[in-house]
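Heads up: the structure comes next, in structure tokens.
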Amino acid sequence: MTETQKTYHGDARVTPEVLAAVRSRIGVKHPIKPWNNLVTEDNIWHFCEGYGDDNPLYTDAEYARKTRWGGIFAPPTFLLSCSSAGGGGGHGLPGVFGLWAGDNWEHFRPVRPGDVIHGYTELESVNEKRSSYAGRMFEQIDKVTYINQRDEVVAHRWHVNMRLERGPSREKGKYNAITIYKYTDEEIRTIEEQYAKEPAQRRGATPRYWDDVKDGEDMITLVKGPLTVNSMVTWLMGWGSPLCKTDRIAHLYMHSHPRSRIVNPETNVPDFPEAAHWDPWYAKQSGLPGGYDIGGQRISWVAHVVTDWAGDDAFVKRLEVQIRRPNIVGDTTWFHGRMVKKFEKDGEKLVECEIWGDNQRGEKTTTGRAIVRLPSRPQ
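Per my numbering, the sequence shown starts with residue 4, numbered consecutively.
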């Protein structure tokens, strides 16, 4: 290993030359490399396990056969696992910290076992934003198009990634005051009681008719957490991460992509930026006090609220989620929702919902909106 290869690459700065090179790729399509290419009942339920969803519509083939769908289909964010193994043509800013800030989904048709998913990603924009967290910060938006074996577009996803310079993030220390939360026995009991009643509040096979919902009515509450390293490992088992690699594969990748490596000077061991989600040293290099959740995991939590509320006969057409604050290991998120309005468009009965998540400190960490197609009450 050369001295250059041992260099710590985590504090890269955004120069005019680097920015110009990245922006030159706007609109250029690059194939995605799926973690899951062939959709199966197994990889659907593995994905659901990763965000804590035991809905039998997605996990029980016998149950799903009795629904209007005639079998299992994938939940709204499953396609994250079909574009998580890499590809993308190097859209990012090399060596610059990236925070998953949100997703905007548009779904056109269900994804079913037997489907073969491919597609492409293209950089849509890179714009500098003001930040109280970092030095220079750039909003990078990538559009991902998912296509099945019949060449039908099944979904679009606009992925929002905030690219931050690590050095100023550490120096500003915006989140330094966050400490690992110590729960009382009563708080743990409250969380456990919420988990115990959640299966009964899932709408399931009872249709939620468009005719019956009212603007402003509350949806349901779901709890997620306390977040542990094991929670994130479970998510990674279903999602598949582009930067969870090991042994020879990892080290050869680092040599081919030197900006993907960060060397911990305390151990002289190189690792990938993904380690910041569970390794305190790597997290602190990005100005965070400890490990934190993975963006797609939290976005899937929001989808879980929507699908449990809407029932088996519904279809989520749009889902937009913004990640507002970090979710540190030990944090618990309480999700709530509200029906905003119902309307008709192109012959479909649609509702718009808003969803938000608050942590145990009372801070709003997540906001989202969904457009859902509901069935009409039979005449």
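In this text, a Cβ means the ideal position worked out from N, Cα and C, and glycines have one as well.
{"Asked": "With distances taken between CB atoms, is the gap from residue 184 to residue 316 smaller than 8 Å?", "Found": "no"}
{"Asked": "Hey, could you find the ends of the beta strand (DSSP E) residue 265 is sitting in?", "Found": "265-267"}
{"Asked": "What residue from 313, 101, 30, 35 has the CA that sits closest to residue 208's CA?", "Found": "313"}
{"Asked": "How many whole angstroms separate the CB atoms of residue 300 and residue 213, which I take to be in contact at a CB cut-off of 8 Å?", "Found": "Going by Cβ atoms, the distance from residue 300 to residue 213 rounds to 30 Å, so no, they are not a contact pair."}
{"Asked": "Compare the C-alpha of residue 129 against each of 145, 306, 319 and name the closest.", "Found": "145"}
{"Asked": "Does DSSP put residue 113 in a helix, in a strand, or in coil?", "Found": "coil"}
{"Asked": "Going by the DSSP bridge assignment, what does residue 142 pair with across the sheet?", "Found": "130, 165"}
{"Asked": "Residue 362 bridges to which residues according to DSSP?", "Found": "336"}
{"Asked": "Specify the secondary structure class of residue 177 as computed by DSSP and reduced to three states.", "Found": "coil"}
{"Asked": "Among 73, 379, 80, 251, whose alpha-carbon lies nearest the alpha-carbon of residue 302?", "Found": "80"}
{"Asked": "If you follow the alpha helix (DSSP H) that residue 225 is in, where does it begin and where does it stop?", "Found": "No alpha helix (DSSP H) contains residue 225, which is instead part of the beta strand (DSSP E) from 225-227."}
{"Asked": "Shortest alpha-carbon distance to residue 155 belongs to which of 198, 134, 110, 192?", "Found": "110"}
{"Asked": "Under the rule that 16 or more other beta-carbon atoms within 10 Å means buried, what is residue 49, buried or exposed?", "Found": "buried"}
{"Asked": "Exposed or buried, what is residue 288 when buried is set at 16 or more other beta-carbons lying within 10 Å of its beta-carbon?", "Found": "buried"}
{"Asked": "Identify which residue in 375, 276, 372, 231 has its Cα closest to the Cα of residue 332.", "Found": "231"}
{"Asked": "Sorry if obvious, but does the Cβ on residue 187 come closer than 7 Å to a heavy atom of the ligand ADP?", "Found": "Because no ligand of any kind appears in the structure shown, any question about the ligand ADP cannot be addressed here."}
{"Asked": "Only counting runs of 3 or more residues, tell me where the beta strand (DSSP E) segments fall wholly within the segment 259-329, in order along the chain.", "Found": "265-267, 272-274, 318-326"}
{"Asked": "If you run the structure through DSSP and keep just helix, strand and coil, what is residue 47?", "Found": "helix"}
{"Asked": "In the structure shown, what three-state DSSP assignment does residue 191 receive?", "Found": "helix"}
{"Asked": "Let's test the definition: count the other Cβ atoms within 10 Å of the Cβ of residue 270 and tell me whether it reaches 16, buried, or not, exposed.", "Found": "exposed"}
{"Asked": "Can you check which of these residues, 35, 78, 106, 244, is closest to residue 43 by C-alpha distance?", "Found": "78"}
{"Asked": "For residue 211, which residues of its own chain have a beta-carbon under 7 Å away from its beta-carbon, when the five flanking residues on both sides are left out?", "Found": "313, 314, 317, 377"}
{"Asked": "Please determine, among 157, 368, 343, the residue with the shortest C-alpha to C-alpha distance to residue 112.", "Found": "157"}
{"Asked": "If I measure Cβ to Cβ from residue 152 and keep anything under 6 Å in the same chain, skipping five residues before and after, which residues do I get?", "Found": "119"}
{"Asked": "Report the residue ranges of all alpha helix (DSSP H) runs contained in full by the segment 30-84; include only those spanning at least 4 residues, in chain order.", "Found": "44-53, 59-62, 64-68"}
{"Asked": "Assign residue 7 to one of three DSSP states: helix, strand, or coil.", "Found": "Per-residue confidence for residue 7 stands at a pLDDT of 41, beneath the threshold of 50, marking its modelled position as unreliable; the derived number appears in the next sentence. Residue 7 falls in the helix class under three-state DSSP."}
{"Asked": "Rounded to a whole number of angstroms, what is the C-alpha to C-alpha distance between residue 33 and residue 126?", "Found": "9 Å"}
{"Asked": "Would you kindly report the start and end of the unbroken beta strand (DSSP E) that includes residue 24?", "Found": "Element bounds for residue 24: not the beta strand (DSSP E) but the alpha helix (DSSP H), 19-26."}
{"Asked": "Could you name the residues that DSSP lists as bridge partners for residue 105?", "Found": "163, 325"}
{"Asked": "Just how far apart, CA to CA, sit residue 268 and residue 278?", "Found": "15 Å"}
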